[in-house]
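Heads up: the structure comes next, in structure tokens.
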Amino acid sequence: MIDFIQRLAITPGEPAGIGPDLVVRLAANLPNRPVLTNPPNCPVLTNPPNPPFPKGGLNLPLLQNPALLKKEDLNLPPLKKGGWGGFQLVAVADPDLLAARAQRLGLALEILPFDPAAAPQPSVAGQLYVLPVKLRQPVIAGQLNSANADYVLETLARACDGCLDGTFAGVVTAPVHKGVINDAGLPFTGHTEFFAERCAAQPVMLLATPELRVALVTTHLPLVEVSRAITAAHLTAVIRILHRDLVHRFGVIAPRIVVCGLNPHAGEGGHLGREEIDIIIPVLETLRAEGMQLIGPLPADTVFVPTRLAGADAVLAMYHDQGLPVLKHLGFGRAVNVTLGLPIIRTSVDHGTALELAGTNRADLGSLNAAVALAQSLV
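Going letter by letter, the sequence shown gives residues 97 to 475 in this note's numbering.
Below, the structure written as structure tokens:
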């Protein structure tokens, strides 16, 4: 068991949404959290490796024959299991916002100033350390205000920079409202792209439940742009990142990745599109020759059936709404968004800001619990 305390940053996201509610409720209660485990039938390491990743992204040395990789060859550190004993949760937010939301929800919560120079303290129920970022204008729960868009981005930047400089071991993000940020004149596509740009790294979005992992080749793009974005170079990089992080983050010794086609029926031999023939199949053949276990490309409408998923460690979908609806149907409220390919650990909830639930005490904590537990297990 690790005998030192690590810090996890948590950003409450849109201040008028449910993010602040979830953060203060999490801190007020803090029971032991189960660590999110690997899907059934996955070969896993007891103690996944956690190599240092340099700022600027991953240099991706290929595992020439991952099937021959042995646990004893990896010199692995011990994995922290369950609970909160080894972690200090630090909110990056306006402390007055969190105090007001806790009071509105009837929670007894002590807000403590975070001092990065002080010795880390394990989180306990009823206390929350806060790295202060000042709101631009007062917040009314449920009412968006574009004046606070810059505040939201500052919380993300402070949390990310704290991970890069070693203050935090990882960051967990609550939902932001992309529309109000863009309405303020601040270009913003999403958390994934924000952290990737700040870390100068190529990201891969992955959503995980205890039963299923789905990664995406493209993320927040209009559908008309998806085909142009799937180049051989991009697809190769995405698969390399996914494969490497399944090994080094999730502890899967020899990942089996099921790959969706882009077109209906995976292109029907070129009659419904040539992306499979011209791009996807050649990339998969090249990477298979290097030792990766890649199945596909398969028609997306039959990928998510038990016989296809049996023994699969991840599904790679070509675009956002090809893979995520199925995963969220199976595990909404338990799924976690993980950004692979970064030099930091970043997890997030699988839902939005739910403005209508802000300040009501009715928002579900399940996904935030899972996101914190997964971040803890990845550290």
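Backbone N, C-alpha and C fix where the C-beta goes; we use that ideal spot for every residue, glycine too.
Computed from a prediction, not measured in an experiment: that's the story for all the values here.
Spatial distance of P421 from L203 (CA atoms):
34 Å
Please state whether DSSP places L308 in a helix, a strand or coil.
Coil, per DSSP.
Considering only the beta carbon of each residue, do I326 and M414 sit closer than 8 Å?
Yes, the Cβ-Cβ distance between I326 and M414 is below 8 Å.
Which parts of the segment 432 to 468 are runs of the beta strand (DSSP E), unbroken and 3 residues or longer, counting only runs that do not cross its ends?
The DSSP assignment places complete beta strand (DSSP E) segments of no fewer than 3 residues inside the segment 432 to 468 at 432 to 436, 442 to 444, in order along the chain.
Below 8 Å, can you find three or more Cβ-Cβ pairs linking the segment 111 to 120 to the segment 449 to 458?
Yes, they touch.
Ends of the alpha helix (DSSP H) at R336?
328 to 344 is the extent of the alpha helix (DSSP H) around R336.
How is P283 classed by DSSP in three states: helix, strand or coil?
coil
Given that a residue counts as buried once 16 or more other Cβ atoms are within 10 Å of its Cβ, and exposed if not, what is F291?
By the 10 Å Cβ count, F291 comes out buried.
Bridge partners for Q239 per DSSP, in chain order?
I236
Confirm, please, whether the CB-CB distance from G266 to I101 is below 8 Å.
Contact flag unset, no.
What's the gap between the Cα of Q239 and the Cα of T107?
Rounded to whole angstroms, Q239 and T107 show a C-alpha spacing of 19 Å.
Is the beta carbon of C356 less than 8 Å from the beta carbon of G427?
no
Determine the DSSP secondary structure at G392, reduced to helix, strand or coil.
strand
Using 8 Å as the threshold, is the C-beta distance between A237 and A112 below it?
yes
So, is R384 buried or exposed, given that buried needs 16 or more other C-beta atoms within 10 angstroms?
That one is exposed.
For E206, the three-state DSSP class (helix, strand or coil)
strand
Mark V220 as exposed unless 16 or more other C-beta atoms lie within 10 angstroms of its C-beta, in which case mark it buried.
exposed
Give a yes or no on whether the C-beta atoms belonging to V411 and L470 are separated by under 8 Å.
no
Answer with buried or exposed for V320, where buried requires no fewer than 16 other C-beta atoms within 10 angstroms of its C-beta.
exposed
Beta-carbon proximity list for A81, same chain, < 7 Å, skipping 5 on both sides:
Residue 81 lies beyond the residue range present for the chain, which begins at 97 and ends at 475; the question has no answer from this structure.
Relative to the alpha-carbon of S473, which residue among F346, V188, L451, P216 has its alpha-carbon at the smallest distance?
F346
Cβ atoms of A311 and L224: under 8 Å apart, would you say?
no
Quickly, what does DSSP pair M414 with across the bridge? List them, please.
According to DSSP, which records beta bridges pairwise, M414 is partnered with nothing at all.
List the DSSP bridge partners of Y38.
Since the first residue of the chain shown is 97 and the last is 475, residue 38 is not available in this structure.
Less than 8 Å separating the beta-carbons of A350 and L394?
no
On the DSSP bridge assignment, give the partners of R384 in chain order.
DSSP, once it has assigned bridges, lists no residue as partnering R384.
Roughly how many angstroms lie between the CA atoms of K246 and L282, to the nearest whole one?
Contrary to the premise, residue 246 reads as Asp rather than Lys in this sequence. One C-alpha to the other measures close to 8 Å.
Please list the terminal residues of the continuous alpha helix (DSSP H) segment that includes L319.
319 to 325
How many angstroms separate the CA atom of P318 from the CA atom of D417?
11 Å
P271 and G448 - do their beta-carbons sit closer together than 8 Å?
For the 8 Å CB-CB criterion, G448 and P271 form a contact.
CB R336 to CB D409, shorter than 8 Å?
no
Assigned secondary structure, L474 (DSSP; H/G/I helix, E/B strand, else coil):
Helix.
Do A253 and Q298 have their beta-carbon atoms positioned less than 8 Å apart in this structure?
no
For K424, which residues from the same chain have a beta carbon less than 8 Å from its beta carbon, with the 5 sequence-adjacent residues on both sides left out?
Within the same chain, Cβ atoms closer than 8 Å to the Cβ of K424 are found at L303, A431, D446, the five residues on either side in sequence being excluded.
Under DSSP, the beta strand (DSSP E) around L193 begins and ends at which residues?
Note, L193: premise wrong, no beta strand (DSSP E); alpha helix (DSSP H) at 191 to 200.
What does the Cβ neighbour count give for L208, buried or exposed, with the cut at 16 atoms within 10 Å?
exposed
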